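A.B. asks: As you go down the protein sequences, you meet chains A and B in turn.
FYI, in this note's numbering the residues of the first sequence are 1 to 631.
FYI, in this note's numbering the residues of the second sequence are 632 to 840.
Note that beta-carbon positions come from the ideal geometry of N, C-alpha and C, so glycine has one too.
Since we're looking at a predicted model, the values are computed, not measured.
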Amino acid sequence: MAFREPCDNTFSNNINNAIPYAPLLDSTVVAEPPQRRRRRRSSSVVLLLMTGLLGVALIFAVVRFGIRHNEIGSRSSSLETRRPAEMIVPADRGVAEGVSLKTFGRLRGARAYSWTNNMLAWQRTAFHFQPRKNWMNDPNGPVYYKGWYHFFYQYNPFGAVWGNIAWGHAVSRDLIHWRHLPIAMVPDHWYDINGVWTGSATILKDGQLVMLYTGSTNESVQVQNLAYPADPSDPLLVDWIKYPATRYWSPHGVGPKDFRDPTTAWLTPQGKWRFTIGSKTFELLDGVLHAVPGTGMWECVDFYPVSRVMENGLDTSDNGPGVKHAVKTSLDDDRNDYYALGTYDGTTGKWTPDNPNIDVGIGLRYDYGIFYASKTFYDQEKKRRVLWGWIKETDSEAADIQKGWASLQAIPRTIVFDKKTGSNVLLWPVEEVERLRVNRKVFHKVEAKPGSVVSLDVGSTSQLDIMAEFEVDQEALSRINGTNTTYSCTTSNGAAQRGALGPFGILVHTDNDLTEQTPIYFYISKDSLGNLKTFFCADHSRSSEATDVNKAIYGSIVPVLKGEKLSVRILVDHSIVESFAQGGRTCITSRIYPTKAINEDAKIFVFNNATDATITASLKIWQMSSAYIHT
Amino acid sequence: MFSILGTDAKISVEKDENLIETTCKNTPHYQLCINTLRADKGSSGADVAGLGLIMVEAVKAKSKEALSAIKKLQKSQPKLATPLQQCRDMYKAVVSGDVPEAEQSIRGNPKFAENGMADAAVEADDCEAAFQGVAKSPLTAVNTAARELAEVARDLTWGVSFCPKSSIFPISMDVGDGGALEDRVSDLWWCVLVLGCGCCSRVVFVGVG
Numbered sequence: 001m002a003f004r005e006p007c008d009n010t011f012s013n014n015i016n017n018a019i020p021y022a023p024l025l026d027s028t029v030v031a032e033p034p035q036r037r038r039r040r041r042s043s044s045v046v047l048l049l050m051t052g053l054l055g056v057a058l059i060f061a062v063v064r065f066g067i068r069h070n071e072i073g074s075r076s077s078s079l080e081t082r083r084p085a086e087m088i089v090p091a092d093r094g095v096a097e098g099v100s101l102k103t104f105g106r107l108r109g110a111r112a113y114s115w116t117n118n119m120l121a122w123q124r125t126a127f128h129f130q131p132r133k134n135w136m137n138d139p140n141g142p143v144y145y146k147g148w149y150h151f152f153y154q155y156n157p158f159g160a161v162w163g164n165i166a167w168g169h170a171v172s173r174d175l176i177h178w179r180h181l182p183i184a185m186v187p188d189h190w191y192d193i194n195g196v197w198t199g200s201a202t203i204l205k206d207g208q209l210v211m212l213y214t215g216s217t218n219e220s221v222q223v224q225n226l227a228y229p230a231d232p233s234d235p236l237l238v239d240w241i242k243y244p245a246t247r248y249w250s251p252h253g254v255g256p257k258d259f260r261d262p263t264t265a266w267l268t269p270q271g272k273w274r275f276t277i278g279s280k281t282f283e284l285l286d287g288v289l290h291a292v293p294g295t296g297m298w299e300c301v302d303f304y305p306v307s308r309v310m311e312n313g314l315d316t317s318d319n320g321p322g323v324k325h326a327v328k329t330s331l332d333d334d335r336n337d338y339y340a341l342g343t344y345d346g347t348t349g350k351w352t353p354d355n356p357n358i359d360v361g362i363g364l365r366y367d368y369g370i371f372y373a374s375k376t377f378y379d380q381e382k383k384r385r386v387l388w389g390w391i392k393e394t395d396s397e398a399a400d401i402q403k404g405w406a407s408l409q410a411i412p413r414t415i416v417f418d419k420k421t422g423s424n425v426l427l428w429p430v431e432e433v434e435r436l437r438v439n440r441k442v443f444h445k446v447e448a449k450p451g452s453v454v455s456l457d458v459g460s461t462s463q464l465d466i467m468a469e470f471e472v473d474q475e476a477l478s479r480i481n482g483t484n485t486t487y488s489c490t491t492s493n494g495a496a497q498r499g500a501l502g503p504f505g506i507l508v509h510t511d512n513d514l515t516e517q518t519p520i521y522f523y524i525s526k527d528s529l530g531n532l533k534t535f536f537c538a539d540h541s542r543s544s545e546a547t548d549v550n551k552a553i554y555g556s557i558v559p560v561l562k563g564e565k566l567s568v569r570i571l572v573d574h575s576i577v578e579s580f581a582q583g584g585r586t587c588i589t590s591r592i593y594p595t596k597a598i599n600e601d602a603k604i605f606v607f608n609n610a611t612d613a614t615i616t617a618s619l620k621i622w623q624m625s626s627a628y629i630h631t
Numbered sequence: 632m633f634s635i636l637g638t639d640a641k642i643s644v645e646k647d648e649n650l651i652e653t654t655c656k657n658t659p660h661y662q663l664c665i666n667t668l669r670a671d672k673g674s675s676g677a678d679v680a681g682l683g684l685i686m687v688e689a690v691k692a693k694s695k696e697a698l699s700a701i702k703k704l705q706k707s708q709p710k711l712a713t714p715l716q717q718c719r720d721m722y723k724a725v726v727s728g729d730v731p732e733a734e735q736s737i738r739g740n741p742k743f744a745e746n747g748m749a750d751a752a753v754e755a756d757d758c759e760a761a762f763q764g765v766a767k768s769p770l771t772a773v774n775t776a777a778r779e780l781a782e783v784a785r786d787l788t789w790g791v792s793f794c795p796k797s798s799i800f801p802i803s804m805d806v807g808d809g810g811a812l813e814d815r816v817s818d819l820w821w822c823v824l825v826l827g828c829g830c831c832s833r834v835v836f837v838g839v840g
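1. Quick one: which chain B residues come within Cβ less than 7 Å of residue 112(A)?
2. Does any C-beta atom of chain B lie closer than 8 Å to the C-beta of residue 117(A)?
3. Verify the CB distance criterion: does residue 559(A) have a CB-CB separation below 8 Å to chain B?
4. Residues of the stretch 393-420 of chain A with a CB closer than 9 Å to any CB of chain B: list them in chain order, please.
5. Please decide whether residue 422(A) counts as near chain B, where near means a Cβ-Cβ distance under 8 Å.
6. I'd like to know if the stretch 224-243 of chain A and the stretch 155-165 of chain A are in contact, where contact means that at least 3 CB-CB pairs between them fall below 8 Å.
7. For residue 412(A), which residues of its own chain have a beta-carbon under 7 Å away from its beta-carbon, when the five flanking residues on both sides are left out?
8. For the stretch 143-171 of chain A, which residues have a beta carbon sitting closer than 9 Å to at least one beta carbon of chain B?
9. For residue 520(A), tell me which candidate among 182(A), 180(A), 508(A) has the shortest Cα-Cα distance.
10. Quick one: which chain A residues come within Cβ less than 7 Å of residue 736(B)?
11. Just mark residue 369(A) as buried or exposed, buried being the case when its beta carbon has 16 or more other beta carbons within 10 Å.
12. Which first and last residues belong to the beta strand (DSSP E) in which residue 737(B) is found?
13. Around the Cβ of residue 444(A), are there at least 16 other Cβ atoms within 10 angstroms (buried) or fewer (exposed)?
14. Any idea if residue 709(B) is buried or exposed, counting beta-carbon neighbours within 10 angstroms, 16 or more meaning buried?
15. Are the beta-carbon atoms of residue 401(A) and residue 761(B) separated by less than 8 Å?
16. If you draw a straight line from the alpha carbon of residue 742(B) to that of residue 675(B), how long is it in whole angstroms?
17. Suppose you measure from the CA of residue 345(A) to the CA of residue 576(A); what does that come to, to the nearest Å?
18. Assuming residue 770(B) contacts residue 700(B) under a Cβ cut-off of 8 Å, what Cβ separation, rounded to an integer in Å, is found between them?
19. Would residue 306(A) pass as a contact of residue 425(A) if the rule is Cβ separation under 8 Å?
20. Which chain B residues are close to residue 322(A), counting only those with a beta carbon under 7 Å from its beta carbon?
21. From residue 722(B) to residue 232(A), what does the alpha carbon distance come to, in whole angstroms?
22. Please tell me whether residue 194(A) has its Cβ less than 8 Å away from any Cβ of chain B.
23. If you reduce the DSSP assignment to three classes, tell me which class residue 510(A) lands in.
24. Count the other C-beta atoms from every protein chain shown that fall within 10 angstroms of the C-beta of residue 765(B), then say buried if there are 16 or more, exposed otherwise.
25. On the DSSP bridge list, what partners appear for residue 229(A)?
26. What are the boundary residues of the alpha helix (DSSP H) that residue 477(A) is part of?
27. If you check the beta carbons only, do residue 464(A) and residue 622(A) fall under 8 Å apart?
28. Hey, does residue 732(B) have any beta-carbon neighbour from chain A nearer than 8 Å?
29. Can you pull out the residues from the stretch 679-708 of chain B whose beta carbon lies closer than 9 Å to at least one beta carbon of chain A?
30. For the stretch 610-617 of chain A and the stretch 473-486 of chain A, state whether three or more C-beta atom pairs, one from each stretch, are separated by less than 8 Å.
31. Quick one: what's residue 586(A) bridged to in DSSP?
32. Alpha carbon to alpha carbon, how far is residue 341(A) from residue 303(A)? Give it in angstroms, no decimals.
33. Of the residues 212(A), 472(A), 418(A), which one's Cα is nearest the Cα of residue 313(A)?
34. Starting from the beta carbon of residue 762(B), find every residue of chain A whose beta carbon is closer than 8 Å, and list them in chain order.
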């Protein structure tokens, strides 16, 4: 596919040359109000943008704070000198396709559902992170500091839609019970007046903490800014200072929205700090930026090590033979987070993925449901890598405005390398969430014949932690003739589509008449050679009678190794359901907005809609108490 | 042909017209789009985001007009108090929520601009629906106008983050490879450079050497 050349001719003429970029600020220190004395950095952090990491994906930036200018780094290898091929125009998008993601559930002319306050109030969660009201999106700068877990987030202080973006702030001892603090950073300087956008935290070697974040300037140009705690001895890090003397790199001729989302820094073997910024590959040379083509731009890039051998997580700077590095990116268009595992050479700055084959359409995802803009941090206290993910609403924006809030964060998940498969990571809710468990009920070997539903009496069902194992009738598994029909969660008819060996699983948020139901299920397919494939899906098609909510079916293949039982964990917390198959090999986050299956009218069931196989389920189900998030 | 222009002022008038026409063709109300944009002096020399902003301002103006009308009706038609109050809430949401959302996001985060304008259309529509079964709506004209303007703005902002579908690109490649791989790399680069964001979907991981 080719594209039309951009009309900015100066850029295309200059791609072969060093492009001098004027910093947006000269290096003169800007006078600060007396109550905020700027502190001079003694240790220096060098921001160096290097070429060629991954060959495409990332730029590594090493930045130096302070007023001195120093030599930065080696010139990259030969610059790409090709001019772009002539672009052809993509096919005009039909008006029918133009419906926003937000209005997917709403056909033109259809009326919005009449949500009652009762229905909307039920949607708020009991133990998931969310501010008291208004809009939230990307997690920012998660970090463990002086005994507290800090969480910052994109926040609109004035409404339940995106806008006026500031950094909200909360602290916790255990990643579950949160205390909301005052807003950490508001848009109040020319370099972030249009929004204090996403950023990351780094703890320097001497224990100091700095934040790098993206600001949207008064001209809607995006620039990288710095902030540091006003009082580093305050473990709650309430006040922050923006560092005004940093040079802001914003190359002319490149699209202003191309600098996004700086991520955490790490220390190379040479003792240099590197940052990645999701954008094209740039190299910084004596204050000058070169564009190197053949690279991609992604939002929310993340890059971190995982141990191949140990159970614990790894500090961001770790490397060695027992270490793999994961690269993760959020794609703006399909709004999903993809990751890949590979090997990182800190000396050359190159990352090589494990899977050398061009595998069309294969990209592992952290989560096959609603899960975006995710960010990891290294918890040096408990030695684990923890993942945050933004869970947006999938109802209408009008309903969000009516209920006065929008968006959640997933329960933080640990990331470990899956030693059994060797090719993916395992995500699992942090163990601290288990402290909320009460009133355990055990169901031992509940049998569900083909085409049956079994009620589980657990009392209230809006806040649950369900651990379940399924066994499939072995006789049916071997007897059934395989076919060559393919299955896919997303294109199937969900739990209503019957196969010989599936679907079967659990119905959550289900009313007594099953008019509203959310099946979380396995579907086993057998091909003509007798190979089994297991799919793990979440079906929202009948989750609500409302017309203006998402009703898609999500999921993916889940690897099941010989001898393993099928296992699933489901965290139910009002309008969010997080499902984990095979210990976290495949995860699906769902947003559910029932009109009937709420409060005391909701039940859960084991179901088996297979035509041939009987299944046996063993379950442990706990009620979950509230996390009492404090303002 | 749909084109994306930079903010360079040296763009010919002919090109502007082409941009306005092409952009409006992608909206459900072509003539309304053309008329609204041409009426604004800022539309010459504007890029797609700039045109989007003009439409957002038009939505804002029409919503304020609706709020004025509602205020008058609240005094003159007390029997319609309930639907009028609902309409007032809806249009206030547009002016205080959807419009700023679109204004702030259209350069840099255009997906939120699309959300905001999509919601503005919904709110206008819901206002009209509020009168169903109560009385003939006294706001039909302004509701229709507001909805149509918002639909145009929504589709315009979508154009700002125009992403060609079914693009498959490799990550991690050696530019010296040549051949099909090089073309795809170049496509990726230009895709993201010009169209921005992670527009180029269906990421494929390729190892080299």
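C.D. replies: With the structure as the only source:
1. The residue labelled residue 112(A) in the question sits at position 112 within the first sequence. Against chain B, a Cβ distance below 7 Å from residue 112(A) picks out 753, 757.
2. What you label residue 117(A) is simply residue 117 of the first sequence in a count that begins at 1. Not closer than 8 Å to any Cβ of chain B, the Cβ of residue 117(A) fails to qualify, so no.
3. For the purposes of this step, residue 559(A) is identified with residue 559 of the first sequence, where counting begins at 1. So no, residue 559(A) is outside the interface.
4. Of all residues in the stretch 393-420 of chain A, 396, 397, 398, 400, 401, 402 have a Cβ within less than 9 Å of some Cβ in chain B.
5. On the first sequence, residue 422(A) is found 422 positions in, with the first residue counted as 1. Residue 422(A) does not count as touching chain B.
6. With the cut-off at 8 Å, the stretch 224-243 of chain A and the stretch 155-165 of chain A do not touch.
7. On the first sequence, position 412 is the one that residue 412(A) refers to. Sequence-distant partners of residue 412(A) (beyond 5 residues in either direction) whose C-beta falls short of 7 Å from its own C-beta, in its chain, are 175, 386, 387, 388, 430.
8. Residues are counted here when their Cβ sits less than 9 Å from a Cβ of chain B; for the stretch 143-171 of chain A these are 156, 158, 159, 160, 161, 162, 163, 164, 165, given in chain order.
9. For the purposes of this step, residue 520(A) is taken as residue 520 along the first sequence, with counting starting at 1. Nearest C-alpha to residue 520(A): 508(A).
10. Counting from 1 along the second sequence, the entry for residue 736(B) is found at position 105. Those are 162, listed as they occur along chain A.
11. Within the first sequence, residue 369(A) is the residue found at index 369, counting from 1. That one is buried.
12. Stepping through the second sequence from its first residue, residue 737(B) is reached at position 106. Run containing residue 737(B): none; DSSP gives neither H nor E here.
13. On the first sequence, position 444 is the one that residue 444(A) refers to. When all chains shown are included, residue 444(A) counts as exposed.
14. In the second sequence, residue 709(B) corresponds to position 78, counting from 1. Exposed is the call here.
15. Locating residue 401(A) in the first sequence gives position 401, counting from the first residue. Locating residue 761(B) in the second sequence gives position 130, counting from the first residue. No.
16. Translated into positions along the second sequence, residue 742(B) becomes position 111. Translated into positions along the second sequence, residue 675(B) becomes position 44. If you take the alpha carbons of residue 742(B) and residue 675(B), they lie about 24 Å apart.
17. Along the first sequence, read from residue 1 onward, the residue named residue 345(A) stands at position 345. Along the first sequence, read from residue 1 onward, the residue named residue 576(A) stands at position 576. Near 40 Å, if we compare the C-alpha coordinates of residue 576(A) and residue 345(A).
18. The count along the second sequence starts at 1 and reaches residue 770(B) at position 139. The count along the second sequence starts at 1 and reaches residue 700(B) at position 69. Correct: roughly 6 Å between the Cβ atoms.
19. Translated into positions along the first sequence, residue 306(A) becomes position 306. Translated into positions along the first sequence, residue 425(A) becomes position 425. Yes, the Cβ-Cβ distance between residue 306(A) and residue 425(A) is below 8 Å.
20. Taking the first sequence and counting its residues from 1, the one referred to as residue 322(A) is at position 322. Around residue 322(A), no beta-carbon contact reaches into chain B at under 7 Å, the shortest distance being about 20 Å.
21. Taking the first residue of the second sequence as 1, we reach residue 722(B) at position 91. Taking the first residue of the first sequence as 1, we reach residue 232(A) at position 232. Annotation: residue 722(B) to residue 232(A) spans about 45 Å, alpha carbon to alpha carbon.
22. By 1-based counting over the first sequence, the position of residue 194(A) is 194. Answer yes: the Cβ-Cβ gap between residue 194(A) and chain B drops below 8 Å somewhere.
23. Indexing the first sequence from 1 puts residue 510(A) at position 510. It is a strand residue.
24. Counting from one through the second sequence, the residue named residue 765(B) turns up at place 134. By the neighbour-count rule (16 or more Cβ atoms within 10 Å), residue 765(B) is not buried but exposed.
25. In the first sequence, residue 229(A) corresponds to position 229, counting from 1. Its beta-bridge partners are 240(A).
26. By one-based count along the first sequence, residue 477(A) stands at place 477. Counting along the chain, the alpha helix (DSSP H) containing residue 477(A) begins and ends at 474-479.
27. If you number the first sequence from 1, residue 464(A) lands on position 464. If you number the first sequence from 1, residue 622(A) lands on position 622. Yes, they are a contact pair.
28. Here residue 732(B) refers to the residue found at position 101 of the second sequence. Yes, because at least one Cβ of chain A sits closer than 8 Å to the Cβ of residue 732(B).
29. Listed in chain order, the positions of the stretch 679-708 of chain B with a beta carbon within less than 9 Å of a beta carbon of chain A are 680.
30. Short answer: they touch.
31. Residue 586(A) sits at position 586 when you count from the first residue of the first sequence. As computed with DSSP, residue 586(A) is found in a beta bridge with 581(A).
32. Within the first sequence, numbered from 1, the residue matching residue 303(A) stands at position 303. Within the first sequence, numbered from 1, the residue matching residue 341(A) stands at position 341. Computed Cα separation, rounded: 10 Å.
33. Numbered from its first residue, the first sequence carries residue 313(A) at position 313. Nearest of 212(A), 472(A), 418(A) to residue 313(A), Cα basis: 418(A).
34. If you number the second sequence from 1, residue 762(B) lands on position 131. Within chain A, no residue comes near residue 762(B); the closest Cβ sits about 12 Å away, beyond 8 Å.
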